[in-house]
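Chains as they are written, first to last, in this note's numbering: chain S, 398 to 568; chain Y, 5 to 104; chain Z, 22 to 737.
What follows is the structure in structure tokens.
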């Protein structure tokens, strides 16, 4: 059962990511990314991290993607120019061509390396599965990582101020 | 059985897809979206390894990553808006003032 | 206390150099003169103290200068009998020349006047350091310093091209000599391990005199090269005649009385070392007498009054080197001392003539000044008689001493040298009196209008307070004037500047004092043959011996300082104690008397010849010149030595510098390299800047390439 779920979610994630990257309409890209997030959330649940899954949906899909949508609609972003010819022709400067090639190289690299590892199974005991406990997450967050937590709040403040300033209309 | 390797390979693939998107797309917003894809791939890695090791640290890191991603997305989009106002286009190739 | 002696002129220099432009002329002149007079006073006191204490020498270490492992050179001053005589000459005659300059340079603007005195004081300070130095490096400081001041003063009127060129020539030729000096100094250091004069003398004394060319011979030869540069001997004398571009007091002080004698002094200072290198001494004597003869012949036909005197100086210096070369160092220094008097006198007198004639220097345009410039004439005549070697005056005693020593010397070829010396003496008398007769006797040939009176002018200037003549008030000629042309525009101006006028008191008094000195100074060296005790030789002896040898020095009464106001006559009849001279031959008194008679005869003969040609029958002189035209031309053009140097050395060097070193190496290689680096950087960055595509995606791509490589490295 788990296996099926895994492959299902994985497929959705990969396909929608491909489409996010591949297709032209930015509005569709955003929607597809939301779908990708959903798949990932499912994967998190499979990994005994329901809290993270819910957080993902709420923050990522709910807030960040909505923000993206706002911006897309605000700017009335047009469709990208249609691709002409094969994929390589759409790649512009040499650098970009190289970049695309490199991405493929990276993918192959990583996949190949990872597949050579011996399969490492997940543990099943109670302690391990206890990571899903929100209480436990909370406790760790506010004790061991308290400083990082507070720092993050300052980061968000900075981001807020920055975004406000940057997006202001020039007088 | 689904092992850690499966998850790692999946996140590697997603990461590469995101990277390709950063290079290939000629729309700034889509570039930002690709970056989000990359971040997600990384999140997946953290969660899966965290599950493997049996700690909550993975999830906590993901928590922070999400926060930072939110902040970054906000600022990035503000920048995009400012740039759009300047040039009326979202094509990154249009912003070449720093060219030699 | 010794330090004060050079320090006072140095202080004078500083005052005039930094504040001179704002000071009135009277003050700057006063500062300059007082510095010198003060230094003279301190010198006299120091010498008095030395002599009355009976010590050989007094030393003062001012500070530790060079201290590096085996090289220990403190900045030390040392006063012994030799340097005592020298400092009295330098400060005494120097003071007189400073006073003279007050009048002579009076028409210069304030700033220039102060500059002149600052240089003059600086020169005195360096000269005193040279003389008082206790070791080679300290002497070398003074050596170089006087060379510098010579350059500054020769080129004093630097707006005039010939003066600037002359200054440069003097400096460069001096430098060549200095190079030899440095090499000699280094060789001495590596051989003896010390640079202190006493140390070197002591170390040299432990060795036997070299019969073949050894390290001491080479070292002394190199030092002598330095001496030829500084003291204008063959082959480095060429700068001295050109140095006459400078103001006449400068010629008197530097190029007659003091700086050019530095080479002679240096040999005297290192007498022990030179005595151990007889080959060098022979060469010194040979070059000395050759220079003397050559310069004498050239001086015979020159037209410029100062040039004649310049060549005369070169010639007399040759005599001094002859003396040093045959080993009678005392005789050389004696001649140095008497020569300082009458040569300074002659130069200052020439300056008075030039001043009176408003800048005229050509003998062919002078004449008949005897009546108009009486003081100048009589003092000049005394100087001429002294240099010609007329018995009774200073030059007679010193020159005769040299000739006598040469005749009785042990140096190979000394008889020939003696003959040449005698011939040169004859020439000296001839050209000197040619000068006197052409300048002062006969009819007037210059253009200045006839004077109303023939008595001398009322004194125009004093040391303090000046009365500007009307010609100066009416449109002053700026200092950009040539050579000694004292405001040539003043000719024809109303008032007393329109005719030759006698020197003002500031110029006349030094002339008189120097004339007295020229007469009396010689008696310090009254030789035994005439009943004297040759006190000067006794006085100087201890300085020429190594410190380990204890020389019996006669406890004589103090040698009176050579001050114009205190004239002490050495009366013949003083008992003279036995003297121990190493390596000197005592001929009998009869020979000496015979030689003296010969010298006197030569002197009078020379005067007679000069009188015949230039007093009585001037056309005879012209006729002789005509008949021997090629020879006359040769002498007039100074044997074409300057031209030879120019063709052999200067032109090739200039061409080499210009084409190879300047265009080739400097512009080509060095500039090429530097510009090349610049160009390379430019080209490199031109290529590298293509990386700045401006496209963010490209940047990200390159970024990413790095990531891929790193990941690959870690994974694989």
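Beta carbons: idealized from backbone N, C-alpha and C, even for Gly.
Residues of its chain near residue 623 (chain Z), where Cβ-Cβ distance is below 8 Å and the 5 sequence neighbours each way are ignored = As a working mapping, residue 623 (chain Z) is identified with position 602 in the third chain. Here the set comprises 410, 443, 446, 447, 450.
request  = Within the same chain, show all residues whose beta-carbon is closer than 6 Å to that of residue 577 (chain Z), passing over the 5 residues directly before and after it, in chain order.
outcome  = Position 556 of the third chain, counted from the first residue, corresponds to residue 577 (chain Z). Bear in mind that a pLDDT of 28 at residue 577 (chain Z), under 50, signals an unreliable position, so the number given afterwards is only what the model happens to contain. If we look at residue 577 (chain Z) and ignore the five residues flanking it on each side, it has no Cβ neighbours.
message = Checking the sheet assignment: what are the DSSP bridge partners for residue 9 (chain Z)?
response = One cannot answer for residue 9 (chain Z) here, as it falls past the ends of chain Z, which runs 22 to 737.
Distance, residue 566 (chain Z) Cα to residue 186 (chain Z) Cα = Indexing the third chain from 1 puts residue 186 (chain Z) at position 165. Indexing the third chain from 1 puts residue 566 (chain Z) at position 545. If I take the Cα positions, the gap works out to 42 Å.
inquiry  = Tell me the rounded alpha-carbon separation between residue 248 (chain Z) and residue 343 (chain Z).
reply    = The residue given as residue 248 (chain Z) occupies position 227 in the third chain. The residue given as residue 343 (chain Z) occupies position 322 in the third chain. When rounded, the distance between both Cα atoms is 13 Å.
key: Short CB-CB distance (under 8 Å) between residue 715 (chain Z) and chain S   = Here the question's residue 715 (chain Z) lines up with position 694 in the third chain. By this cut-off, residue 715 (chain Z) is not an interface position.
Residues within the stretch 59-70 of chain Y neighbouring chain S, beta-carbon criterion of under 8 Å = 59, 60, 61, 62, 63, 64, 66, 67, 68, 70
key: Three or more C-beta pairs below 8 Å linking the stretch 20-39 of chain Y and the stretch 541-561 of chain S   = no
key: With 16 other Cβ atoms within 10 Å as the buried cut-off, status of residue 668 (chain Z)   = On the third chain, residue 668 (chain Z) is found 647 positions in, with the first residue counted as 1. Counting Cβ neighbours within 10 Å, residue 668 (chain Z) comes out exposed, since fewer than 16 surround it.
ask   = CB-CB under 8 Å to residue 62 (chain Y), same chain, minus the five flanking residues each way: which ones, in chain order?
value = For this step, residue 62 (chain Y) is matched to residue 58 along the second chain. So the qualifying residues of the chain are 50, 51, 52, 53, 54, 55.
query = What are the start and end residues of the alpha helix (DSSP H) that includes residue 130 (chain Z)?
reply = On the third chain, residue 130 (chain Z) is found 109 positions in, with the first residue counted as 1. No residue range can be given for residue 130 (chain Z), since it is assigned to no alpha helix (DSSP H) and is classified by DSSP as neither H nor E.
Amino acids of chain Y, ordered along the chain, whose beta-carbon sits closer than 9 Å to that of residue 726 (chain Z) = Residue 726 (chain Z) sits at position 705 when you count from the first residue of the third chain. Under the 9 Å cutoff, chain Y gives no residues; its nearest Cβ is about 11 Å from residue 726 (chain Z).
Same chain only: Cβ atoms within 6 Å of residue 19 (chain Y), ignoring 5 sequence neighbours per side = If you number the second chain from 1, residue 19 (chain Y) lands on position 15. A distance below 6 Å between beta-carbons, with the five flanking residues on each side excluded, links residue 19 (chain Y) to the following residues of its chain, in chain order: 42, 45.
Residue 500 (chain S) CB to nearest heavy atom of the ligand SAH below 7 Å = Looking for the ligand SAH in the displayed structure turns up nothing, as the structure carries no ligands at all.
query = How big is the Cα-Cα spacing for residue 420 (chain S) and residue 59 (chain Y)?
reply = Here residue 420 (chain S) refers to the residue found at position 23 when the first chain is read from its first residue. Here residue 59 (chain Y) refers to the residue found at position 55 when the second chain is read from its first residue. Whole-angstrom Cα-Cα distance: 38 Å.
ask   = What is the C-beta distance between residue 213 (chain Z) and residue 220 (chain Z), in whole angstroms, given that I count them as a contact (C-beta under 8 Å)?
value = Position 192 of the third chain, counting from 1, holds the residue named residue 213 (chain Z). Position 199 of the third chain, counting from 1, holds the residue named residue 220 (chain Z). 7 Å between Cβ atoms; contact.
message = Buried or exposed, going by whether 16 or more other CB atoms sit within 10 Å of the CB of residue 83 (chain Z)?
response = By one-based count along the third chain, residue 83 (chain Z) stands at place 62. Result: exposed.
ask   = Would you call residue 393 (chain Z) buried or exposed, if buried means 16 or more other Cβ atoms sit within 10 Å of its Cβ?
value = Within the third chain, residue 393 (chain Z) is the residue found at index 372, counting from 1. Classification for residue 393 (chain Z): buried.
query = Taking DSSP as the reference, what is the three-state secondary structure of residue 426 (chain S)?
reply = Position 29 of the first chain holds residue 426 (chain S). Helix, per DSSP.
query = Would residue 722 (chain Z) count as contacting chain S if we go by Cβ distances under 8 Å?
reply = As a working note, residue 722 (chain Z) is residue 701 in the third chain. True, the Cβ-Cβ gap to chain S drops below 8 Å.
request  = Take the Cβ of residue 403 (chain Z) as the centre, count every other Cβ of all protein chains shown within 10 Å, and call the residue buried at 16 or more, exposed below.
outcome  = For the purposes of this step, residue 403 (chain Z) is taken as the residue at position 382 of the third chain. With 16 or more other Cβ atoms from the protein chains shown falling within 10 Å of its own Cβ, residue 403 (chain Z) counts as buried.
query = How big is the Cα-Cα spacing for residue 687 (chain Z) and residue 182 (chain Z)?
reply = Along the third chain, read from residue 1 onward, the residue named residue 687 (chain Z) stands at position 666. Along the third chain, read from residue 1 onward, the residue named residue 182 (chain Z) stands at position 161. Approximately 28 Å between the Cα atoms of the pair.
key: Under 8 Å between C-beta atoms of residue 338 (chain Z) and residue 456 (chain Z)   = Taking the third chain and counting its residues from 1, one reaches residue 338 (chain Z) at position 317. Taking the third chain and counting its residues from 1, one reaches residue 456 (chain Z) at position 435. Contact: no.
query = Any Cβ of chain S within less than 8 Å of the Cβ of residue 23 (chain Y)?
reply = Looking up residue 23 (chain Y) in the second chain gives position 19. Yes, residue 23 (chain Y) lies at the interface with chain S (some Cβ there is under 8 Å from its Cβ).
request  = State the start and end residues of the unbroken alpha helix (DSSP H) segment that holds residue 47 (chain Y).
outcome  = Translated into the one-based positions of the second chain, residue 47 (chain Y) becomes position 43. Run containing residue 47 (chain Y): 32-57, per the alpha helix (DSSP H) assignment.
ask   = Does the beta carbon of residue 196 (chain Z) sit closer than 8 Å to a beta carbon anywhere in chain Y?
value = As a first step, residue 196 (chain Z) must be located in the third chain, where it is residue number 175. Output row for residue 196 (chain Z): interface = no.
query = Taking only beta-carbon atoms, is residue 441 (chain S) less than 8 Å away from chain Y?
reply = Along the first chain, read from residue 1 onward, the residue named residue 441 (chain S) stands at position 44. Yes, because at least one Cβ of chain Y sits closer than 8 Å to the Cβ of residue 441 (chain S).
ask   = Which whole runs of the alpha helix (DSSP H) in the stretch 405-466 of chain S are 4 residues long or more, in chain order?
value = 423-443, 447-452
Those residues which DSSP pairs with residue 78 (chain Z) across a bridge = Here residue 78 (chain Z) refers to the residue found at position 57 when the third chain is read from its first residue. DSSP lists Z:101 as partners of residue 78 (chain Z).
query = Does any CB atom of chain Z fall closer than 8 Å to the CB of residue 100 (chain Y)?
reply = Along the second chain, one-based indexing puts residue 100 (chain Y) at 96. Yes, residue 100 (chain Y) counts as interfacial toward chain Z.
request  = With DSSP collapsed to three states, give me the class of residue 156 (chain Z).
outcome  = Here residue 156 (chain Z) is taken as the residue at index 135 of the third chain, counted from 1. In the structure shown, residue 156 (chain Z) sits in a strand (DSSP, three-state: E or B).
ask   = For the 8 Å Cβ check, are there 3 or more pairs between the stretch 351-365 of chain Z and the stretch 270-289 of chain Z?
value = yes
task = Kindly give me the distance between the Cβ atoms of residue 50 (chain Z) and residue 134 (chain Z), rounded to whole angstroms, as I take these residues to be in contact under 8 Å.
result = For the purposes of this step, residue 50 (chain Z) is identified with residue 29 of the third chain, where counting begins at 1. For the purposes of this step, residue 134 (chain Z) is identified with residue 113 of the third chain, where counting begins at 1. 7 Å between Cβ atoms; contact.
inquiry  = On the DSSP letters alone, give me the boundaries of the alpha helix (DSSP H) that residue 343 (chain S) sits inside.
reply    = Within the shown structure, residues of chain S are numbered from 398 to 568, placing residue 343 (chain S) beyond reach of any answer.
key: Residues near residue 738 (chain Z) by beta carbon distance below 6 Å, same chain, minus five either side   = Nothing can be reported for residue 738 (chain Z), as the shown portion of chain Z is limited to 22 through 737.
ask   = If we count Cβ pairs, one from each stretch, closer than 8 Å, do we get three or more for the stretch 354-370 of chain Z versus the stretch 268-277 of chain Z?
value = yes
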